[in-house]
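The block underneath contains the structure these notes are about, expressed in structure tokens.
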DNA sequence: CATCATATAGTCAAACTGACTCAAACCCCG
DNA sequence: CGGGGTTTGAGTCAGTTTGACTATATGATG
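Chains as they are written, first to last, in our numbering: chain A, 1121 to 1369; chain B, 1121 to 1369.
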């Protein structure tokens, strides 16, 4: 059975979308789960933080040696979101701070040979922790806007995931997923600036964030910098307003 | 093969999520496509327009005799959106004016027996045309907010579809999907009011719609009513701004 | 202690929003 | 055939939000 075969392979060798010839004749279509994993890291040249994501190298056809999104066949007894989270952990040794279904891609010709339908999730992980992320030979982090040609339709998938991230309204939860439990407004603003790719006025940013009521201010301050110490804030979980009644983590 | 079996049945008898015992042992999981179809019709008592949707009666277990979303197994050679559109036409004799993927539901226990993953689409059809919609014994239209207990997790799916419809930002395209090619601002406002479930000030509505730049005014007017004739407008397809680069019809 | 750099507070005008007024234009009724 | 009724379509006005900007606070640095 397809799922079992995939399960026995190390994750980096699993091909999220392809199968061998024998499997292809066994089923008319197969269901895979892939995950677009975003982290924030400082860019080499510009000191600004930018979006990065981990990809895995394919070790078999089709698209052997191309980079692809982490993923695999959906195991029979595993929930969709659980499969995405497991894939993420196996690839990066990290836990998702945010995980949401992105879209289901099922074009007939998106994979040569077998018809593959992929349920794709997108996830956010902590930036600092992503630094020490396990990066084996078959896993590598790429700048999200400088990707090489990927396997299958994965370039298009990443593009869509980026669009969703940038047009997502409820930034509060998302931006805070990139940070620790407490953070300064400057750090939070840095996240917004990295995602939106434009500078934000510190004063106006503070005003709008405070008005949104999603943050609780702590008594702690961060000293050590060469300027007035910044207050630490905490994300307010209670204020998860306008929640989607349906899915969404 | 599952798909072939389903294909030979009349659509009303296809069960979107269930299979017979023989099929259940053949595959570990199965892929279905269902569609939430919205139309706008005048309510019985209140003269206001409200959202309605067609459901099909299940003719076999599980959930025999319960109402369910139209759908069926994904045929091997059919695109996901095409399957949703075909289901829609087979159920209602209508063509979708708007069709978009909603979400993929795959909880392990959402269907007794076999693990079923359903890719769900949501669609909008013209109100006037929906009046003469084919309503056989196994297809019936229901008010969207007064549904009976449905098969599987379909109540939850409809709830989520309603939420998406109401929180969708780009109302221009959506509202116009309920109408003909040309329409008055009053008709357009009626759609918005029905979806949002609240009255809108006509003058302010006009101002905001005109500012959005999504409408082209024609020279025609609608006479015959007991008041000043209203100008007819047309939806501006060019101004499909802020488009998602990825999926979405 | 002067200076630097950012935190934080405040100002101001433009844009936007909701509630409202008012004339225009047509049908209906007497 | 003219007035009442009703909706269209334009405009006003106050309150709110938004973007650009100025000013002060405060610890680190030399």
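Using N, Cα and C, we set each Cβ at its ideal position, and we do this for glycine too.
#### Entry: Cβ pair residue 1193 of chain B, residue 1267 of chain B closer than 9 Å
No; because the gap between Cβ atoms is not below 9 Å, this pair is not in contact.
### Query
Whose C-alpha, out of B:1246, B:1230, B:1221 and B:1228, is nearest the C-alpha of residue 1239 of chain B?
Here the closest residue by C-alpha is B:1221.
### Query
Where does residue 1257 of chain B sit, in a helix, a strand or coil, going by DSSP?
DSSP places residue 1257 of chain B in coil when its eight states are reduced to three.
### Message
Taking the beta carbon of residue 1150 of chain A as the centre, do at least 16 other beta carbons fall within 10 Å, making it buried, or is it exposed?
### Response
It counts as buried.
#### Entry: residue 1169 of chain B, buried or exposed, once every other Cβ within 10 Å from all chains shown has been counted against 16
Per the 10 Å Cβ criterion, buried.
### Task
Return the CA-CA distance between residue 1357 of chain A and residue 1297 of chain A, expressed in angstroms with no decimal places.
Residue 1357 of chain A and residue 1297 of chain A have their C-alpha atoms some 12 Å from each other.
### Cβ shell of residue 1237 of chain B (< 8 Å), same chain only, five flanking positions each side left out
Excluding its 5 nearest sequence neighbours in each direction, residue 1237 of chain B has C-beta neighbours in its own chain below 8 Å: 1149, 1150, 1151, 1152, 1224, 1225 and 1226, listed in chain order.
### Message
Give me the chain B residues within the contact set of residue 1228 of chain A, using Cβ-Cβ distance strictly less than 7 Å, ordered along the chain.
### Response
Within chain B, the residues near residue 1228 of chain A are 1197 and 1199.
### Neighbour list for residue 1235 of chain A in chain B, Cβ cutoff strictly below 7 Å
Within 7 Å Cβ-Cβ: 1196.
### Query
Could you give the C-beta distance for residue 1219 of chain B and residue 1197 of chain B, rounded to a whole number, given that I count them as a contact under 8 Å?
Their Cβ separation, rounded to whole angstroms, is 19 Å, which puts residue 1219 of chain B and residue 1197 of chain B out of contact at 8 Å.
### Query
Is the CB of residue 1151 of chain B under 9 Å away from at least one CB in chain A?
With its beta carbon less than 9 Å from one in chain A, residue 1151 of chain B belongs to the interface.
### Query
Using a C-beta cutoff of 9 Å, does residue 1176 of chain B count as contacting chain A?
So no, residue 1176 of chain B is outside the interface.
### Task
Whole angstroms is fine: what's the gap from residue 1328 of chain A's alpha carbon to residue 1302 of chain A's?
Going from the Cα of residue 1328 of chain A to the Cα of residue 1302 of chain A covers about 19 Å.
### Task
Quick one: grab the DSSP three-state call for residue 1350 of chain A.
Taken through DSSP and simplified to helix, strand or coil, residue 1350 of chain A comes out as strand.
### Message
Am I right that residue 1107 of chain A and residue 1160 of chain A are in contact with their C-beta atoms under 8 Å? What's the rounded C-beta distance?
### Response
This structure cannot speak to residue 1107 of chain A, because chain A is shown only from 1121 to 1369.
### Length at least 4, wholly inside the segment 1188-1266 of chain A: the alpha helix (DSSP H) runs in chain order
Entirely contained in the segment 1188-1266 of chain A, the alpha helix (DSSP H) runs reaching 4 residues are, in chain order, 1200-1212 and 1247-1251.
### Query
Counting along the chain, where does the alpha helix (DSSP H) carrying residue 1307 of chain A start and finish?
Start and end: 1305-1316.
### Message
If the criterion is Cβ atoms closer than 9 Å, does the pair residue 1262 of chain B and residue 1320 of chain B meet it?
### Response
No.
#### Entry: Listed by chain order, chain B residues near residue 1239 of chain A by CB distance under 9 Å
Neighbours of residue 1239 of chain A across chain B, judged by C-beta separation under 9 Å: 1224, 1226, 1237 and 1239.
### Task
Compute the Euclidean distance between the alpha carbons of residue 1141 of chain B and residue 1265 of chain A, then round it to the nearest angstrom.
Low local confidence applies: a pLDDT of 34 at residue 1141 of chain B is under 50, so the model's placement there is unreliable, and no value is given.
### Query
Pick from A:1163, A:1353 and A:1171: whose alpha carbon is nearest that of residue 1243 of chain A?
Here the closest residue by C-alpha is A:1171.
### Message
I'd like the list of long-range same chain contacts for residue 1325 of chain A, defined as Cβ closer than 6 Å, with 5 residues on each side in sequence excluded.
### Response
If the five residues before and after residue 1325 of chain A are omitted, its C-beta is found closer than 6 Å to the C-beta atoms of 1309, all from its own chain and listed in chain order.
### Task
May I ask you to list the residues that DSSP assigns as paired with residue 1159 of chain A?
In the DSSP output, where bridge partners are listed per residue, residue 1159 of chain A has A:1172.
### Message
By alpha-carbon positions, which one of A:1271, A:1291, A:1246 and A:1166 ends up nearest to residue 1212 of chain A?
### Response
Selected option, being the one with the closest Cα: A:1246.
### Task
To the nearest angstrom, report how far apart residue 1290 of chain B and residue 1281 of chain A are at their CA atoms.
Those two C-alpha atoms are separated by around 19 Å.
### Query
Are the beta-carbon atoms of residue 1177 of chain A and residue 1273 of chain A separated by less than 9 Å?
Not a contact, by the Cβ cut-off of 9 Å.
### Query
Taking the continuous beta strand (DSSP E) assigned at residue 1335 of chain B, which residues delimit it?
Run containing residue 1335 of chain B: 1335-1342, per the beta strand (DSSP E) assignment.
### Query
What do you reckon, are the CB atoms on residue 1295 of chain A and residue 1278 of chain A nearer than 9 Å?
Residue 1295 of chain A is not a Cβ neighbour of residue 1278 of chain A, given a cutoff of 9 Å.
### Message
So, for residue 1288 of chain B: in the same chain, excluding its five sequence neighbours on each side, which residues have a beta-carbon less than 8 Å away from its beta-carbon?
### Response
The residues are 1294.
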